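Position in the sequence shown (first residue = 1) + 89 = the numbering used here.
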Amino acid sequence: MSSNLAKAAIAALLCQGALGATVLRLCLQDRADLRMPARAALIQELIRLFPSARLSPDCPGDPGALAITLLPQLSGQPSDALGAMAVRADGVIAPPILVFVNAVVAHSSAKSEEALGLALARVAGHELLHFLSQSREHSPAGLLQERLSAADLTSRSSLGSPQRERTPEPVATAR
Ligand SMILES: [Zn+2]
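Take a look at the structure:
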């Protein structure tokens with residue numbers, strides 16, 4: 090897929106919502122059987138990080154949306170990998186967004202279901218920023234840091250203010 094096609098694919102995920110606001114269509118595919126409080130916290134934090142996102146609770150209900158797939162683990166992944174996306178031979182970063190729940194539990198030291206949900210959302214958000222920017226680069230601070238600490242993942246405040254723009258703007262969130 091060329092980078093123009095990648096841009097077209099990203100554009101297809103952005104549909105016009107009510108009142109002309111751009112909407113980022115996401116869906117959740119939970120293969121790790123999260124408990125409800127973790128799932129609720131995950132959804133709430135993703136919406137806080139990406140206010141323009143519309144998140145379907147199940148991917149079959151929204152086939153055109155970008156899938157966030159929660160897996161307990163994936164064989165062959167380095168044990169410190171918290172999430173991943175496929176990078177094709179031509180450099181295109183392609184869905185789904187994978188989040189490795191066992192690794193996030195271990196790395197975040199989350200002490201509650203709510204803290205685990207926050208951590209999972211931030212890992213998913215990190216991967217989503219890679220996808221939206223079609224870049225593997227990291228930033229020195231914020232959600233797009235190469236190594237998110239346990240505090241970055243679970244603290245109520247460490248990743249700072251929510252994105253202010255109504256349209257997805259990866260750089261603003263990563264700052
Ligand atoms: Zn990264």
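Virtual Cβ for every residue (Gly too), placed ideally from N, Cα, C. As the structure is a prediction and not an experimental result, all values here were calculated from the model.
I'd like to confirm something about residue i: is its beta-carbon nearer than 7 Å to some heavy atom of ligand 1, or not?
{"i": "E235", "result": "yes"}
{"i": "H227", "result": "yes"}
{"i": "H196", "result": "no"}
Closest to residue i by CA distance: which of the options is it?
{"i": "D179", "options": "Q133, L131, S224, S228", "result": "S224"}
{"i": "I246", "options": "R211, H227, P229", "result": "Residue identity check: residue 246 is Ser in the sequence provided, not Ile. Closest by alpha carbon: R211."}
{"i": "C148", "options": "A195, L115, L207", "result": "L115"}
{"i": "Q118", "options": "A213, A230, P167", "result": "A213"}
{"i": "A154", "options": "E226, V193, A183", "result": "A183"}
{"i": "E235", "options": "L171, L207, V176", "result": "L171"}
Could you compute how far the alpha carbon of residue i sits from the alpha carbon of residue j?
{"i": "I186", "j": "L221", "result": "11 Å"}
{"i": "M125", "j": "L159", "result": "14 Å"}
{"i": "I136", "j": "A127", "result": "14 Å"}
{"i": "V181", "j": "E226", "result": "13 Å"}
{"i": "A173", "j": "S164", "result": "13 Å"}
{"i": "F189", "j": "P152", "result": "22 Å"}
{"i": "D169", "j": "E134", "result": "22 Å"}
For residue i, count the other beta carbons within 10 Å of its own beta carbon; 16 or more makes it buried, fewer makes it exposed. Which is it?
{"i": "S197", "result": "buried"}
{"i": "G150", "result": "exposed"}
{"i": "A175", "result": "exposed"}
{"i": "A240", "result": "exposed"}
{"i": "A121", "result": "buried"}
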